[in-house]
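Quick note: the sequence shown, position 31, residue 60 per the numbering used here, numbers continuous. Take a look at the structure below.
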Amino acid sequence: MKGLGYNGTGVSEFLAPGVYFLNKPDRLYGAFYGSTPFSALWQEYAKADKRWGGSDLTVISLELLTVLVMGPIAVWVCVCLSRRKPGSKGGSEWFWMTVLATSELYGGE
C-alpha cells in the first residue's frame, strides 16, 4: 500500500508520532486501517485528500467545531425561520445564516 501514505513501519506518515486510538500502539485509527465498507468509502475520498485517511488533527478539530458549534446554530436558524410569519422581515436568522456560510467557506479549505 505504498500509494496510501504508509511508511516502512505500516504507520501512516501523516499521523503524529505516538498518537494511537485509546493510547494503544496496536490500535491505529483512520480509514487507511479499516476493512469495513465505510472505511473503503473514506479510502476513496482520501485518494483526493490524504488528511481523511488517518487521524489528522486539523480535520478532527474542524469537524468537531462544525458539529458542536455550527450544528446548534443551524438548528436555531431553522427554528427562527419556521416561527417567522409570512411577510415579516425576519430578525437575527440572516446574521446567523451569514455566519454559517462564512464558516463553511473557511472550513472547507
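For each residue, glycine too, the CB sits at the ideal point set by N, CA and C.
Is it buried or exposed for residue i, if we count other Cβ within 10 angstroms and need 16 for buried?
i, result
"residue 113", "exposed"
"residue 67", "exposed"
"residue 110", "exposed"
"residue 78", "exposed"
"residue 36", "Here residue 36 scores only 48 on pLDDT, less than 50, and its place in the model is too uncertain to base an answer on."
"residue 31", "The predicted position of residue 31 is uncertain, since its pLDDT is 48 and thus under 50; a value taken from the coordinates is nonetheless stated next. Its Cβ having fewer than 16 others within 10 Å, residue 31 is exposed."
"residue 4", "Since the first and last residues shown for the chain are 30 and 138, residue 4 lies out of range."
"residue 118", "exposed"
Considering only the beta carbon of each residue, do residue i and residue j sit closer than 8 Å?
i, j, result
"residue 129", "residue 99", "yes"
"residue 83", "residue 72", "no"
"residue 89", "residue 125", "no"
Return the first residue and the last residue of the alpha helix (DSSP H) that residue i is part of.
i, result
"residue 70", "66–75"
"residue 96", "Here residue 96 belongs to no alpha helix (DSSP H), and DSSP marks it neither H nor E."
"residue 105", "100–112"
If residue i sits next to residue j, beta carbons under 8 Å apart, how far is it from one beta carbon to the other, in whole angstroms?
i, j, result
"residue 92", "residue 106", "With 8 Å as the limit, residue 92 and residue 106 do not qualify as a contact, their Cβ atoms being about 20 Å apart."
Is the shortest distance between the beta-carbon of residue i and the beta-carbons of chain E less than 8 Å?
i, result
"residue 131", "Of the chains in the structure shown, none is chain E; there is only one protein chain."
Flag residue i as yes when its Cβ comes closer than 7 Å to any non-hydrogen atom of the ligand ATP, and as no otherwise.
i, result
"residue 72", "Absence of the ligand ATP is noted for the structure shown, with no ligands found whatsoever."
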